[in-house]
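In this note's numbering, the protein residues as written are 440 to 1392. Where is the CB? At the ideal position from N, CA and C, for every residue including glycine. Single-structure report; data block below.
What follows is the structure, given as structure tokens:
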């Protein structure tokens, strides 16, 4: 630690010591670079030397081997030993390897080694670091009898390393001598510099200690003499300045003594502050007030100087209109503070520059306390008036306004500046009678203080013309002797309370979105309408209206457009009804219409037909036309002589029946059909229970290549494992859930089950594709693509390209552009498409071109007839050709027999499925069937090959 501190001190003594380390670093860097290139040059030199030695040895041995008459090993060994002796001691080994020929087998190799080398001059670590590879040379040569062979010459690496080591040692000695010389000279220079700095430090310390006559001796080097002269000149000037300063201090001391006598003679507390903010002095009055002088250093926290009189605030306080500050005397901390007016004036130096400030305090405590009491009373009254929610106006006996609080300003529209001094009737304007009349009556009335006044209800006219419902009271203002000096009016706005009562009454009977009657008001109107129908003997139609595809509008355009559509529908319904009718909103997109005083059912149907036509007209919402229709269910009283709630329920059932007919329909409730409607609802509920209870399962029907027998995929088919009726097909499920939310839930369940099964087959090594049928309403939902992506993410092990969605051709043609966009979005996820039951729709070339489906499935009704019906055969042949032209795969459905399969192969259709190949089966049976199918196909292939072989023979 001490050595490190000494080194740091030495390095900080001047420029020369700090240069010592960079010089050493430069020397080391240059030496490292020099030896790096030296080693490179020496290594190249020994390589060249080794190459020359190898050439010389080869030139010496090869001619002698060429003159050897016979391939005698002893003779060759003699030549090699002679070469070892004759050549340089750097040769380590010589080896002759005869080559094998067709006339003569190869003889053993002859190898001669040189004696062991002497001890190496270079250390082992140097040899390892230098890493010179052993020089080798091989040369082919024939002996005198033509026997071929190869001569190998190996040199020793140690002489090469010793040669490089010798050169490095010589250069290292020269470098060490140079470095020592440089460092020695630099050290001498540093010592001379240290002596010069030491002399300067000694002189400086003596001068700092007060020996102003200290001078440096002008000796030594040129730099030392120049530095001594500069120091001596500076010391002389400083000495003269110090003497002058002492004289100035004496004069200032006399001046300060006079100033203190002057300030002490003043009766007011006085202090002196310099221009830099430090305090110069205080008089005796100040010291008596604070029991201590001001801290001359200007430290306000350590002095009794009030914070308000700090240099940054005092000028502002002195120039303010209220220049009073609170002073807390040290000797009276328990007493209230003294309030003193502060005054200050600047004073200048002899040169006219600002030298500081003289400040004084004047006691105004009594006056201040009186003002504060008055102000507190005034503020208390103002806060009281401002904090209450009622408007308060006070006037004098002449009716002129004295005060007006904030609430009164808001209700009258006049500010305090505008209202004060004006007549009461100009500001407080009432609709029926002037306010001044009640104010005058109140001032003249001999009422007891605190007696309750009867509130008067009136309408106040705002300055802008707006009117408020108010209630107000007027009371006299009396002096202590009971004499009235004015009047006070207290009033409040009761408009909001009145409007709130009206709104509560309105919302209790109306729908907030459309403004139509709600359920509560409908119940009252329906009860009254039933009473009128009984008395007049006429019919009452209770109509339940439901907008068709309203949820699709919400999903496509958002809830705001849906709300606008409901409002427009309510507006058209309101314009349609007569005084004897009523309309209400039940919630969502359901409305109830009461048609009263109807003569018969045809008249009701005629009116509703007009209504359906009006509601079916396009709705212009946000620069777009929204089209919708309405399904209406009707219950007619007294034909359906039921209670009000039952009539509404029957109308709702009739509306559901109208929707089941295809929407945009009108249906009148029939009691006999009520049971059938209930049965439909019950069946839908049973399907939902089956889905959630796990009764629905998937069976899989294979799709194969008829030519190769390869299983190209499977189609997932829905089955209902009914606990009582057994296994049921999709015809028992799909019609019940059509156009319901359950249809979407069921479709997503099928996708998840199919992907989970594909994951199990993938684990078993089967990369089969699976096709799933998707209903058109499910596929047309706006969120179908993101929902499909979420379902695919649940099985990341299954590639989306192995999932195929089958869509009916007729469904694909309903909205071609939307269907194309949806299919492309799904294909971006990797999913493929197939057009199911192709040929049952339009099957147009333009449709096939615009729909990006990869596969076409020929409907089974055409495939089954290709053996007997020429039209079916022609149609299938055309579809296969059409698919080939558009580069689409084609799959034939309904292959029942081997003859169907053979005929399809003749037509060019290789992919098929049907009962003739395999019936739909549970997932756990697929692997066994696949193994049996492969075995059957292999046996059939062997049999076909055996059959063809004799025929060809």
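Quiz item: residue 1033 and residue 965 look like a contact to me (Cβ under 8 Å); what is the Cβ gap, rounded to whole Å?
Solution: Correct: roughly 6 Å between the Cβ atoms.
Practice problem: Express the C-alpha separation of residue 1020 and residue 935 in angstroms, rounding to a whole number. | Solution: Rounded to whole angstroms, residue 935 and residue 1020 show a C-alpha spacing of 33 Å.
Exercise. Sort out for me which residues DSSP pairs residue 916 with in a bridge.
Key: 925.
Practice problem: Find the nearest neighbour of residue 1316 within the set 931, 1264 and 1345, judged by alpha-carbon distance. | Solution: Here the closest residue by C-alpha is 1345.
Quiz item: Relative to the C-alpha of residue 831, which residue among 580, 913 and 584 is closest?
Solution: When only C-alpha atoms are compared, the closest one is 913.
Self-check item: Assumed close pair residue 1000, residue 1065 - CB separation to whole angstroms, cut-off 8 Å
Solution: Contact between residue 1000 and residue 1065 is confirmed by a C-beta separation of about 7 Å, below the 8 Å threshold.
Exercise. Take residue 925 and list the residues in its own chain whose beta-carbon comes closer than 8 Å to its own, dropping the five residues that flank it on each side.
Key: When the five nearest sequence neighbours on each side are left out, the beta carbons in the same chain lying within less than 8 Å of the beta carbon of residue 925 are those of 833, 834, 835, 836, 841, 882, 915 and 916, in order along the chain.
Self-check item: Beta bridge counterpart(s) of residue 1030 as assigned by DSSP
Solution: Under the DSSP definition of a beta bridge, residue 1030 partners with 984 and 1024.
Quiz prompt | Completely contained alpha helix (DSSP H) runs for the region 1329–1353, where each covers 4 or more residues | solution = The region 1329–1353 contains these whole alpha helix (DSSP H) runs: 1337–1346.
Quiz item: Starting from residue 524 and walking both ways along the beta strand (DSSP E), at which residues does that stretch end?
Solution: Careful: residue 524 lies outside any beta strand (DSSP E), inside the alpha helix (DSSP H) at 512–525.
Self-check item: Within the region 1192–1249, ranges of the alpha helix (DSSP H) (whole runs, at least 4 residues)
Solution: Taking only runs of at least 4 residues, the alpha helix (DSSP H) segments lying wholly in the region 1192–1249 are 1215–1218 and 1223–1232.
Practice problem: State the start and end residues of the unbroken beta strand (DSSP E) segment that holds residue 552. | Solution: Segment 549–552, the beta strand (DSSP E) holding residue 552.
Self-check item: Contact check, residue 1075 vs residue 1107, beta carbons under 9 Å
Solution: Judged by their CB atoms, residue 1075 and residue 1107 are nearer to each other than the 9 Å cut-off.
Quiz item: Who are the Cβ neighbours of residue 839 in its own chain at under 8 Å, not counting the five residues just before and after it?
Solution: Closer than 8 Å at Cβ, skipping near neighbours: 860, 861, 862 and 863.
Quiz prompt | Proximity winner among 689, 650 and 699, relative to residue 675 (alpha-carbon distances) | solution = With distances taken between Cα atoms, residue 675 lies closest to 650.
Quiz item: Can you name, in chain order, every residue of its own chain whose Cβ lies under 7 Å from the Cβ of residue 1146, other than the five neighbours on each side?
Solution: Around residue 1146: 1344 and 1349.
Quiz item: Are the region 983–996 and the region 947–956 in contact at 8 Å, needing three or more beta carbon pairs?
Solution: They do not touch, by the three-pair rule.
Quiz item: Would you call the CB atoms of residue 784 and residue 803 closer than 9 Å?
Solution: Contact flag unset, no.
Self-check item: Cβ-based burial, residue 564 [other Cβ within 10 Å; buried from 16]
Solution: Exposed: under 16 other Cβ atoms inside 10 Å.
Self-check item: Proximity of residue 795 and residue 712 at Cβ, strictly below 9 Å
Solution: Result yes, Cβ atoms of residue 795 and residue 712 sit closer than 9 Å.
Quiz item: So, does the CB of residue 926 fall closer than 9 Å to a CB anywhere in chain C?
Solution: In the structure shown, chain C does not exist; there is a single protein chain.
Exercise. Give me whichever residues DSSP pairs with residue 1016 in a beta bridge.
Key: When beta bridges are read from the DSSP output, residue 1016 appears opposite no residue.
Exercise. Please name the residue, chosen from 588, 572 and 481, that lies closest to residue 509 on a Cα-to-Cα basis.
Key: Taking only the C-alpha atoms, the option nearest residue 509 is 588.
Quiz item: What residue does the alpha helix (DSSP H) around residue 601 start on, and which one ends it?
Solution: Looking at the DSSP string, the run of the alpha helix (DSSP H) that includes residue 601 is 597–647.
Quiz prompt | At least three beta-carbon pairs within less than 8 Å, the region 571–585 to the region 548–561 | solution = The answer is no - the region 548–561 does not touch the region 571–585, with fewer than three Cβ pairs under 8 Å.
Quiz prompt | Beta-carbon spacing of residue 1078, residue 1022 below 9 Å | solution = Between residue 1078 and residue 1022, the C-beta gap is not smaller than 9 Å, which leaves the two residues out of contact.
Practice problem: Say whether the region 1120–1135 touches the region 1174–1188, bearing in mind that this needs 3 or more beta-carbon pairs closer than 8 Å, one atom from each stretch. | Solution: Segments in contact, yes.
Quiz prompt | Bridge-paired residues (DSSP) for residue 1368 | solution = BP columns for residue 1368 are empty, so no partner.
Quiz prompt | Distance between residue 1013 and residue 1097 (C-alpha atoms, nearest Å) | solution = In this structure, the straight-line span from the alpha carbon of residue 1097 to that of residue 1013 is close to 23 Å.
Self-check item: Rounded C-alpha distance that separates residue 607 from residue 629
Solution: Residue 629 has its alpha-carbon roughly 32 Å from the corresponding atom of residue 607.
Self-check item: Close Cβ partners of residue 645 (< 8 Å) along its chain, the five nearest in sequence each way excluded
Solution: These residues qualify, in order along the chain: 653.
Quiz item: With a cut-off of 8 Å, do at least 3 Cβ pairs link the region 897–907 to the region 803–818?
Solution: These segments do not touch.
Self-check item: Integer-rounded CB distance, given that residue 929 should sit under 8 Å from residue 907
Solution: The Cβ separation is near 15 Å, so there is no contact.
Quiz item: Relative to the alpha-carbon of residue 1262, which residue among 1299, 1167 and 1213 has its alpha-carbon at the smallest distance?
Solution: Among 1299, 1167 and 1213, the Cα nearest to that of residue 1262 belongs to 1213.
Quiz item: So, are the CB atoms of residue 660 and residue 631 less than 9 Å apart?
Solution: Yes. Within cutoff.
Quiz item: Between the region 753–772 and the region 690–701, are three or more C-beta pairs nearer than 8 Å?
Solution: Three or more Cβ pairs closer than 8 Å define a contact, and the region 753–772 falls short of that threshold against the region 690–701.
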